[in-house]
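Heads up: the structure comes next, in structure tokens.
There are 2 protein chains.
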Amino acid sequence: MSSSVLLMSMSLDGYIAGPNDRPGNPGGDGFMRLHEWYEGPDGEFGRPTGPDGEIWDDIQASGAVLVGRRTAEQVDYYGGSHHGVPVFVFSGRPAPESVPKSVTFVDDIANAMAQAKVAAGDRDVIVHGAYTAQKALEAGVLDELQIDQIPVLFGQGLRLFDVLPNRIELDVVKVIDTPAATHIRYRVRR
Amino acid sequence: MSSSVLLMSMSLDGYIAGPNDRPGNPGGDGFMRLHEWYEGPDGEFGRPTGPDGEIWDDIQASGAVLVGRRTAEQVDYYGGSHHGVPVFVFSGRPAPESVPKSVTFVDDIANAMAQAKVAAGDRDVIVHGAYTAQKALEAGVLDELQIDQIPVLFGQGLRLFDVLPNRIELDVVKVIDTPAATHIRYRVRR
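So the sequence lines, in the order shown, correspond to chains A and B. Quick note on this note's numbering: the first sequence kicks off at 8 and runs consecutively. Quick note on this note's numbering: the second sequence kicks off at 8 and runs consecutively.
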């Protein structure tokens, strides 16, 4: 069955981006520290060797990506598609002219998720971005969280979770324990 | 070799206490949710069955406890001793008259840790409390962190980690993965 899965690398103290996060400095100062686990043997982004690679495989097997506008802008809309699957952007403002036609802007989180799920078919929808994650949680349209917890205290930056209106119970689905990251997959309890 | 080990149960979103945390309501609303893993077979605080019990054993094997004043006050100074070992309270203000003589107040974090380590001998020093943890990290006197990460999004409350002056690298020492908690032990990299 298709699930919506938030996918984020987070420091132990809850940061997903460093300070000075802006276009031109995506993810802020030191952002790459949170994504070192996500490197292939050549040091570029790619399938990590060892158990960390399972997360990469899950992403490659997903059928659509739903992303917040801020994240989407910083990565230039993944050039129009993320590993060959359609991209949906959650944003209250209309799409700029320059955005590839393969990218769909939706201003309602439940509607955005519904469209992404249709596009994904029986595959998962990957969700990206802190604000989008919180809105999806609040709307009850996020099924799972894949948190790649990095052994570092960032000290400052942008947090994945700020204040939520309700307490939300989770179930631990799977833990992959490597020196680079503690990968924890949670399912939202309904 | 003796280590200082921060021991805290934390929600996935980084909270160690719920809202309305005050004397009379220690740990705030819903605090017990973060400590359900820490129950014996009778439902009272006690050694959990299964792998969670290893954390309990580590605590019992420690030789001193260093705790922040706020936490100490809320638990009435553990009645003067924590599992039979001495208690040190980090506080800028002098001890009130009512505090048991076995409890030592120290107003400097490095000095407090030094005294606790002497008392502990070759056993570990357990560290408790968010403010005390941050001060110990900043002063470079915290060796390890034992974070019992609970599968819940608390949404609000008191955070373990707020803003730190520096990025701090950690090494994952051990992960114990149970349905109740993901217990991660980190060592601070020097």
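Backbone N, C-alpha and C define an ideal beta-carbon position, used for all residues, glycine too. These numbers come from a predicted model, not from an experiment.
Would you report the Cα separation of residue i and residue j, rounded to the nearest angstrom?
{"i": "residue 129 of chain B", "j": "residue 71 of chain B", "result": "10 Å"}
{"i": "residue 176 of chain A", "j": "residue 56 of chain B", "result": "22 Å"}
{"i": "residue 79 of chain A", "j": "residue 96 of chain A", "result": "7 Å"}
{"i": "residue 185 of chain B", "j": "residue 61 of chain B", "result": "12 Å"}
{"i": "residue 89 of chain B", "j": "residue 26 of chain B", "result": "26 Å"}
{"i": "residue 113 of chain B", "j": "residue 63 of chain A", "result": "49 Å"}
{"i": "residue 141 of chain B", "j": "residue 116 of chain B", "result": "10 Å"}
{"i": "residue 162 of chain A", "j": "residue 102 of chain B", "result": "31 Å"}
{"i": "residue 151 of chain B", "j": "residue 99 of chain B", "result": "24 Å"}
{"i": "residue 73 of chain A", "j": "residue 180 of chain A", "result": "22 Å"}
{"i": "residue 41 of chain B", "j": "residue 153 of chain A", "result": "21 Å"}
{"i": "residue 120 of chain A", "j": "residue 145 of chain A", "result": "13 Å"}
{"i": "residue 147 of chain A", "j": "residue 32 of chain A", "result": "32 Å"}
{"i": "residue 49 of chain A", "j": "residue 16 of chain A", "result": "21 Å"}
{"i": "residue 108 of chain B", "j": "residue 77 of chain B", "result": "18 Å"}
{"i": "residue 9 of chain A", "j": "residue 111 of chain A", "result": "20 Å"}
{"i": "residue 197 of chain A", "j": "residue 174 of chain B", "result": "37 Å"}
{"i": "residue 30 of chain A", "j": "residue 124 of chain A", "result": "29 Å"}
{"i": "residue 92 of chain A", "j": "residue 36 of chain A", "result": "29 Å"}
{"i": "residue 106 of chain A", "j": "residue 81 of chain A", "result": "13 Å"}
{"i": "residue 94 of chain B", "j": "residue 65 of chain B", "result": "17 Å"}
{"i": "residue 122 of chain A", "j": "residue 139 of chain A", "result": "15 Å"}
{"i": "residue 171 of chain A", "j": "residue 160 of chain B", "result": "8 Å"}
{"i": "residue 84 of chain B", "j": "residue 136 of chain A", "result": "43 Å"}
{"i": "residue 54 of chain A", "j": "residue 43 of chain A", "result": "12 Å"}
{"i": "residue 59 of chain A", "j": "residue 87 of chain B", "result": "46 Å"}
{"i": "residue 158 of chain B", "j": "residue 46 of chain A", "result": "28 Å"}
{"i": "residue 51 of chain B", "j": "residue 182 of chain B", "result": "25 Å"}
{"i": "residue 156 of chain B", "j": "residue 34 of chain A", "result": "25 Å"}
{"i": "residue 118 of chain A", "j": "residue 13 of chain B", "result": "44 Å"}
{"i": "residue 38 of chain A", "j": "residue 11 of chain B", "result": "29 Å"}
{"i": "residue 194 of chain B", "j": "residue 195 of chain A", "result": "30 Å"}
{"i": "residue 75 of chain B", "j": "residue 104 of chain A", "result": "56 Å"}
{"i": "residue 28 of chain A", "j": "residue 28 of chain B", "result": "33 Å"}
{"i": "residue 149 of chain B", "j": "residue 24 of chain B", "result": "21 Å"}
With DSSP collapsed to three states, give me the class of residue i.
{"i": "residue 77 of chain B", "result": "helix"}
{"i": "residue 120 of chain B", "result": "helix"}
{"i": "residue 8 of chain A", "result": "coil"}
{"i": "residue 217 of chain B", "result": "The question about residue 217 of chain B has no answer, for chain B in this structure spans 8 to 197."}
{"i": "residue 126 of chain A", "result": "helix"}
{"i": "residue 67 of chain B", "result": "helix"}
{"i": "residue 181 of chain A", "result": "strand"}
{"i": "residue 161 of chain B", "result": "coil"}
{"i": "residue 139 of chain B", "result": "helix"}
{"i": "residue 199 of chain A", "result": "Look at the range of chain A in this structure, 8 to 197, and you will see that residue 199 of chain A is not part of it."}
{"i": "residue 5 of chain B", "result": "Because chain B here runs from 8 to 197, residue 5 of chain B falls outside it and cannot be looked at."}
{"i": "residue 59 of chain A", "result": "coil"}
{"i": "residue 41 of chain A", "result": "helix"}
{"i": "residue 145 of chain A", "result": "helix"}
{"i": "residue 155 of chain A", "result": "strand"}
In chain E, which residues lie with their C-beta within 8 Å of the C-beta of residue i?
{"i": "residue 138 of chain B", "result": "The structure shown has no chain E; the protein chains it does contain are A and B."}
inquiry  = Whether or not the segment 177–192 of chain A and the segment 115–135 of chain B are in contact is what I'm after, with contact meaning three or more pairs of Cβ atoms, one per stretch, closer than 8 Å; do they touch?
reply    = The segment 115–135 of chain B, when compared against the segment 177–192 of chain A, does not touch it at the 8 Å Cβ threshold.
inquiry  = Below 8 Å, how does it come out for the segment 162–174 of chain A and the segment 16–35 of chain A: are there three or more Cβ pairs, yes or no?
reply    = yes
inquiry  = With a threshold of 8 Å, are at least 3 pairs of Cβ atoms found where one atom belongs to the segment 131–142 of chain A and the other to the segment 61–75 of chain A?
reply    = yes
ask   = In chain order, what residues of the segment 168–189 of chain A put their CB closer than 9 Å to some CB of chain B?
value = Identification of residues in the segment 168–189 of chain A having a C-beta nearer than 9 Å to some C-beta of chain B yields 168, 169, 170, 171, 172, 173, 174, 175, 176, 177, 178, 179, 181, 182, 184, 185, 186, 187, 188, 189, given in sequence order.
inquiry  = Against chain B, which members of the segment 57–78 of chain A pass a CB distance test of less than 8 Å?
reply    = none
query = Using a Cβ cut-off of 8 Å, which residues of the segment 142–157 of chain A contact any Cβ in chain B, in chain order?
reply = Taken in chain order, the members of the segment 142–157 of chain A whose beta-carbon sits within less than 8 Å of a beta-carbon on chain B are 144, 152, 154, 156.
task = Scan the segment 16–31 of chain A for residues whose Cβ lies nearer than 8 Å to a Cβ of chain B and list them as they occur along the chain.
result = 19, 20, 21
query = Which of the residues in the segment 30–45 of chain A, read from start to end, lie with their CB under 8 Å from any CB of chain B?
reply = 37, 40
inquiry  = Residues of the segment 80–94 of chain A in Cβ contact with chain B at a cutoff of 7 Å, in chain order, please.
reply    = none
task = Quick one: which residues of the segment 116–140 of chain B get their C-beta closer than 7 Å to a C-beta of chain A? List them in chain order.
result = Listed in sequence order: no entries.
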